[in-house]
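Working notes, beginning with the structure itself.
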Amino acid sequence: MNPHVRPVALEHASRLVNHGPTVLVTSAHGGRRNVMAAAWSMPVEFTPPRIAVVIDKHTFTRELVVASGAFGICIPGAALADLSYAVGSESGRVTDKFDRHGIVATPGRALGVPLIESGCIAWLECRLIREPHAEDAYDTCFAEVVAAAADERIFANGHWSFRDDNTALHTIHHLGAGKFARADAVVQAQRLKA
Ligand SMILES: Cc1cc2nc3c(=O)[nH]c(=O)nc-3n(C[C@H](O)[C@H](O)[C@H](O)COP(=O)(O)O)c2cc1C
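Residues in the sequence shown are numbered consecutively from 928, following my numbering.
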């Protein structure tokens, strides 16, 4: 158990994905479970908090998400760059990626979706918003965030804190072909003099 995990108020949940981190989408249904990487996710509604995630129609993840009506968003820290790339480069349809990579997941309290603790720094439990007319047409999935949590060493009081002493926990942002930019150099905007 990571002793640094703290609940995040739903009103602050959008901030966890606001800056476009690569996320791990987890899912489970009928005794099967899966995890894939997603670079494309964003907040889309304030209250209740809703997000959009692009989950390719052809992925095994999409199948499990549609079948179960839920998914988890686990945000990997920089230490999980290799694993994030790996689970985004292979299908879980035949081989269980959790077993293959020794990933430990526990069911989320709200929806029971698999949540990856080790190396991840924030977690969202999401209920799929069903759109039968669009399910076959679009890769984008909309969902309501029903629970959120974060590692207080990197996200506390509703804000990220990227510092030199916690770089392994910084979020990663996919540039393509397995290259990631790590969230590092924070720029504080100053008021312009009128
Ligand atoms: C860093 C990274 C980011 C990715 N982002 C997305 C994404 O936003 N949406 C998507 O559908 N696939 C994305 N992919 C591809 C899926 O993760 C990939 O198709 C995966 O193998 C699907 O696994 P599954 O079939 O087991 O669900 C990404 C892959 C990588 C490596």
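Even glycine gets a Cβ: it sits at the ideal position worked out from N, Cα and C.
Listed as beta-bridge partners of R977 by DSSP are E972 and E1071. With fewer than 16 other Cβ atoms from the protein chains shown falling within 10 Å of its own Cβ, M928 counts as exposed. Bridge partners of I1002 according to DSSP: A1049.
With a cutoff of 6 Å, A1116 does not count as near ligand 1, since its C-beta is closer than that to no heavy atom of the ligand. By a beta-carbon distance limit of 8 Å, F1089 contacts V1113. Their separation comes to about 5 Å. Pairing G1004 with I1043 gives a Cβ-Cβ distance that is not under 7 Å. A Cβ-Cβ separation of about 5 Å places A1110 in contact with T1098 under the 8 Å criterion.
A heavy atom of ligand 1 is found nearer than 6 Å to the CB of W967.
A distance criterion of 6 Å places the beta-carbon of M928 beyond contact range of ligand 1, judged by its closest non-hydrogen atom. Here F998 is actually not in contact with T1067; their C-beta atoms are around 13 Å apart, not less than 8 Å. The Cβ atoms of L937 and P976 sit closer than 7 Å to each other.
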